[in-house]
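Sequence order for the protein chains is A and B. If you count the first sequence from 1, you need to add 1174 to reach this note's numbering. If you count the second sequence from 1, you need to add 8 to reach this note's numbering. Reading through the structure tokens given below for one structure.
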Amino acid sequence: MAPGRRDVCRGPGAVGTCATAQVALCKATAGHRQLVLQLGGSGDSPRLREERCRRSAEACELSMGLRRVLLAGLRQAPASPLERQELERLWVLFLSTLELFLQDLYRAQHLCQLFSMQGGVAPLCTGLVCWGLPSRRGGRPSQPPTTQCLEEEIEQMRAMLAEMESGANIPPWTVEATETTQPAERSSTRERMAWGGPCAGHCCGVL
Amino acid sequence: PAAGCLGQAVACQARFLARQMERMIVSMQDPDMGIKMRNQRLLITVIPHAMTGSDIVEWLIQKYGISEEESLHLGNLIVKHGYIYPLKDPRSLVLRADESPYRFQTPYFWTSTKWPATELDYAIYLAKKNIRKQGDLIEHEKDNYNLLHKRINHTWDFVVMQAREQLRAAKQRRKGDRIVIDCQEQAYWLVNRPPGWGQLLGGTSCQAPQHLPCAWPQIEYCRKAMARTRVKSSICLEGYIKFNEQYVPHDPIMSGCLPSNPWITDDTTYWAMNAPTVTTPTKLRVERWGFNFSELINDPLGRTQLLEFLKKEFSAENLSFWEACEELRYGEQSRIAEIVDSIYQQFLAPGATRWVNIDSKTMERTLEGIKTPHRYVMDDAQMHIYMLMKKDSYPRFLKSDLYKNLMAEAVIPPETKKRVFPFMRKQRHSSPSPALLLPAGEAEERSRSPSTAPVPEEES
């Protein structure tokens, strides 16, 4: 790792950087999901698939960046036990994000193959308005198949997820949620819980 | 492991069914031969691609040439599995053959998509609903929310974050699309997490929800599995060890066979002495008759001896009846009616010459069954007589003089003396290939085949 990067991680903004990146990643995966939802339906089109490809590439990049920063933060001696806790919490959230994203990638691959633009099954009439160009049949000629970038991404994400799950020694039960939304409540409350559990001071064997 | 395999088979079946339904759905889309699409009007918004229940039913009737009843049944299956969802009264997953509107579900939410709904997914959906409706969820959704909040608490922050982002992403769409996507998602979760799912997870009540399509065969299978009688593995193992200890001296491979192993010495005496019917049985064989009743009755020689014994006790008709039932079970299909009648006349009719003593309930059932005779119609009666012989006659047989004499007179064949000079052993040769015995040109082949030492088996 470049020395410059290391400085960034050591700074007080490490947690902040990760938190921001996590939100950005959530945004990207949510947007990606919105598009995958429409594959095979009346909203499907080459333009939609292009857009989906763009979003998933963005999400992949964000994932790799976030992973780098998180790992760097966790590898070093933490500035404070609270910071270590935060990083671990973010780590668990990141894992979930990856899981969800990977699931959507698999579905996208399956649906793109099933409803292939090159003479597969015609999309269903689901009630949505077609994204972009009105006529898909007379539309553009053969696009570079989106499945290629999909397969690579799937493999990349899958490998990352596997590596993270087996690499970092952060048991999920050591992390507690800060959100305490209950069904009865009118609005979500944010309470930072001071958490001094067994994790503080225990040696995490991170790669 | 067996359970795992069966579970997999059940899952395979579910996927196969799903694929068939998908094909059906796709053919419904056909622009020429598909179902008529209408517009759905909601105040100011117009959403395309709606169909009436009656149109769906009609289409199924036309396409597959089936009755209305069958078509309704089929349509209901499709709705219950979530391929089509109702627009009015979404929680009632039924197909109504009237003006009720329906729409196709987007393939992303097809239940056959090989990845079942995850807790994370469901949690995000509930969180979204919770945020939008500000806590006003339906009863079972509230319960599920709390359940999941506990189960995946470590990642709850992600759940809420993702819920918020998904809500934001949806806001960017036009109103009609937003409504459709909401309906699609709601329909998906009504199919995959119906009321009662939480209980399954919580484990308080074992009532399987009747309308949980994908899991239904697996639930049935698990229910049946739980009802099976179970034996402690320690008892199983004990039984297995006992069986082995008892039978090891009788196993020709484990304990050798007397006079010698025919495969090694080419001497078939061993087989001859243990043939189904011999004058004098071997000692090991007679011993085996004492192990359990099935050893005795399934050995032709043993059965003959049993018959002799039963004659002395004036209960030989039991064995004859049992044998007649065996003939029915394993005999020719064309003779079934004849055999059943013969059994009835000889053993069951009032005043029959060899009347067997069966309890009244079994007799009633059997007599009823005889009216439509089939291979297994005597099973109950046969089992009753079998158990009678086993519990009553068999122990007396083992204590009888007849059996004791058999044991005394049984032979132990002497072991063949091992030859000192190996080359004095019989010449070994392979039997000629059956291909050489083909009728065309057989004479020619015969003259050519080697005829050295005499061959043990007969050439046909």
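C-beta atoms are modelled at their ideal positions from N, C-alpha and C, and glycine is treated no differently.
Residue i, buried or exposed, once every other Cβ within 10 Å from all chains shown has been counted against 16
{"i": "residue 94 of chain B", "result": "buried"}
{"i": "residue 1309 of chain A", "result": "With a pLDDT of 37 at residue 1309 of chain A, under the threshold of 50, the modelled position of this residue cannot be trusted, and the question is left open."}
{"i": "residue 76 of chain B", "result": "exposed"}
{"i": "residue 1190 of chain A", "result": "exposed"}
{"i": "residue 1343 of chain A", "result": "exposed"}
{"i": "residue 379 of chain B", "result": "exposed"}
{"i": "residue 468 of chain B", "result": "For residue 468 of chain B, the predicted structure reports a pLDDT of 44, less than 50, and the residue's modelled location is therefore unreliable. The matter cannot be settled from this model."}
{"i": "residue 1201 of chain A", "result": "buried"}
{"i": "residue 322 of chain B", "result": "exposed"}
{"i": "residue 262 of chain B", "result": "exposed"}
{"i": "residue 238 of chain B", "result": "exposed"}
{"i": "residue 1331 of chain A", "result": "buried"}
{"i": "residue 158 of chain B", "result": "exposed"}
{"i": "residue 27 of chain B", "result": "exposed"}
{"i": "residue 265 of chain B", "result": "buried"}
{"i": "residue 138 of chain B", "result": "buried"}
{"i": "residue 218 of chain B", "result": "Unreliable positioning characterises residue 218 of chain B in this predicted model, as indicated by a pLDDT of 46, which lies under 50. A coordinate reading is not provided."}
Proximity winner among the options, relative to residue i (alpha-carbon distances)
{"i": "residue 48 of chain B", "options": "B/41, B/59, B/38 and B/40", "result": "B/59"}
{"i": "residue 183 of chain B", "options": "B/394, B/447 and B/56", "result": "B/56"}
{"i": "residue 83 of chain B", "options": "B/97, B/98 and B/65", "result": "B/65"}
{"i": "residue 324 of chain B", "options": "B/368, B/354, B/104 and B/296", "result": "B/354"}
{"i": "residue 546 of chain B", "options": "B/337, B/25, B/243 and B/358", "result": "It is not possible to answer for residue 546 of chain B, since the shown part of chain B is limited to 9 through 468."}
{"i": "residue 189 of chain B", "options": "B/175, B/202, B/199 and B/200", "result": "B/175"}
{"i": "residue 160 of chain B", "options": "B/185, B/146, B/231 and B/132", "result": "B/132"}
{"i": "residue 30 of chain B", "options": "A/1345, A/1330 and A/1297", "result": "A/1297"}
{"i": "residue 394 of chain B", "options": "B/181, B/115, B/300 and B/412", "result": "B/300"}
{"i": "residue 1233 of chain A", "options": "A/1199, A/1282 and A/1331", "result": "A/1199"}
{"i": "residue 199 of chain B", "options": "B/288, B/85 and B/231", "result": "B/85"}
{"i": "residue 425 of chain B", "options": "B/275, B/202, B/306 and B/242", "result": "B/275"}
{"i": "residue 194 of chain B", "options": "B/70, B/129, B/240 and B/32", "result": "B/129"}
{"i": "residue 46 of chain B", "options": "B/350, B/91, B/108 and B/81", "result": "B/108"}
{"i": "residue 1351 of chain A", "options": "A/1337, A/1341 and A/1259", "result": "A/1259"}
{"i": "residue 335 of chain B", "options": "B/319, B/373, B/384 and B/404", "result": "B/384"}
{"i": "residue 186 of chain B", "options": "B/315, B/50 and B/70", "result": "B/50"}
{"i": "residue 319 of chain B", "options": "B/405, B/258, B/381 and B/377", "result": "B/405"}
{"i": "residue 377 of chain B", "options": "B/365, B/407, B/345 and B/171", "result": "B/345"}
{"i": "residue 1224 of chain A", "options": "A/1282, A/1252, A/1269 and A/1339", "result": "A/1282"}
{"i": "residue 280 of chain B", "options": "B/400, B/421 and B/442", "result": "B/421"}
{"i": "residue 389 of chain B", "options": "B/400, B/407, B/364 and B/381", "result": "B/364"}
Nearest-angstrom Cβ-Cβ length linking residue i and residue j, presumed shorter than 8 Å
{"i": "residue 1324 of chain A", "j": "residue 1279 of chain A", "result": "7 Å"}
{"i": "residue 1276 of chain A", "j": "residue 1328 of chain A", "result": "7 Å"}
{"i": "residue 313 of chain B", "j": "residue 414 of chain B", "result": "6 Å"}
{"i": "residue 88 of chain B", "j": "residue 101 of chain B", "result": "5 Å"}
{"i": "residue 134 of chain B", "j": "residue 147 of chain B", "result": "Incorrect: roughly 13 Å between the Cβ atoms, too far for contact."}
{"i": "residue 371 of chain B", "j": "residue 333 of chain B", "result": "Not really, about 14 Å apart at Cβ, beyond 8 Å."}
{"i": "residue 326 of chain B", "j": "residue 397 of chain B", "result": "5 Å"}
{"i": "residue 1209 of chain A", "j": "residue 1226 of chain A", "result": "4 Å"}
{"i": "residue 152 of chain B", "j": "residue 201 of chain B", "result": "7 Å"}
{"i": "residue 1194 of chain A", "j": "residue 1271 of chain A", "result": "Wrong, their Cβ atoms sit about 14 Å apart, outside the cutoff."}
{"i": "residue 70 of chain B", "j": "residue 92 of chain B", "result": "In fact, because the Cβ distance is near 17 Å, the residues do not count as touching under 8 Å."}
{"i": "residue 1240 of chain A", "j": "residue 1261 of chain A", "result": "Incorrect: roughly 11 Å between the Cβ atoms, too far for contact."}
C-beta contact flag for residue i and residue j at 8 Å
{"i": "residue 330 of chain B", "j": "residue 310 of chain B", "result": "no"}
{"i": "residue 62 of chain B", "j": "residue 97 of chain B", "result": "no"}
{"i": "residue 1295 of chain A", "j": "residue 1217 of chain A", "result": "no"}
{"i": "residue 1300 of chain A", "j": "residue 1205 of chain A", "result": "no"}
{"i": "residue 1349 of chain A", "j": "residue 1263 of chain A", "result": "yes"}
{"i": "residue 278 of chain B", "j": "residue 267 of chain B", "result": "yes"}
{"i": "residue 347 of chain B", "j": "residue 339 of chain B", "result": "yes"}
{"i": "residue 1192 of chain A", "j": "residue 1244 of chain A", "result": "yes"}
{"i": "residue 1213 of chain A", "j": "residue 39 of chain B", "result": "no"}
{"i": "residue 18 of chain B", "j": "residue 225 of chain B", "result": "yes"}
{"i": "residue 1386 of chain A", "j": "residue 1339 of chain A", "result": "Given that chain A is displayed from residue 1175 to residue 1381, the structure contains no residue 1386 of chain A and the question cannot be resolved."}
Exercise for review: Quick one: which residues of the region 242-262 of chain B get their C-beta closer than 7 Å to a C-beta of chain A? List them in chain order.
Suggested key: none
Exercise for review: Check distances from the C-beta atoms of the region 1211-1230 of chain A to those of chain B and list, in chain order, the residues that come in under 8 Å.
Suggested key: 1211, 1212, 1213, 1214, 1215, 1216 and 1217
Point to revise | chain A contacts from the region 38-55 of chain B (Cβ-Cβ distance under 7 Å) | key: 45 and 55
Review point. Between the region 111-136 of chain B and chain A, which residues of the former have a C-beta closer than 9 Å to a C-beta of the latter?
Key: 111, 112, 113, 114, 115, 116, 117, 118, 121, 122, 123, 126, 128, 129, 132, 134 and 135
Exercise for review: Mind checking the region 1243-1264 of chain A against chain B and listing, in chain order, the residues whose C-beta falls within less than 8 Å of any C-beta there?
Suggested key: 1263
Practice item. Return the residues of the region 180-195 of chain B that lie within a Cβ-Cβ distance of less than 9 Å from chain A, sorted by chain order. Key: 180, 181, 182, 184, 185, 187, 188, 189, 191, 192 and 193
**Study point:** Cβ-based contacts, 9 Å cut-off: residues of the region 153-164 of chain B near chain A
**Key:** 153, 154, 157, 160, 161, 162, 163 and 164
Point to revise | Contact list for the region 1191-1212 of chain A against chain B, Cβ threshold 8 Å | key: 1196, 1197, 1200, 1201, 1203, 1204, 1205, 1207, 1208, 1210, 1211 and 1212
Check your understanding: Using a beta-carbon distance cut-off of less than 8 Å, what residues from the region 1269-1290 of chain A approach chain B?
Key -> 1269, 1270, 1271, 1273, 1274, 1277, 1280, 1281, 1284, 1285, 1288 and 1289
Point to revise | Near-chain B residues of the region 1336-1352 of chain A - C-beta to any C-beta below 7 Å | key: 1346, 1347, 1349, 1350, 1351 and 1352
Check your understanding: Taking a cut of 9 Å between CB atoms, which residues from the region 74-89 of chain B lie near chain A?
Key -> none
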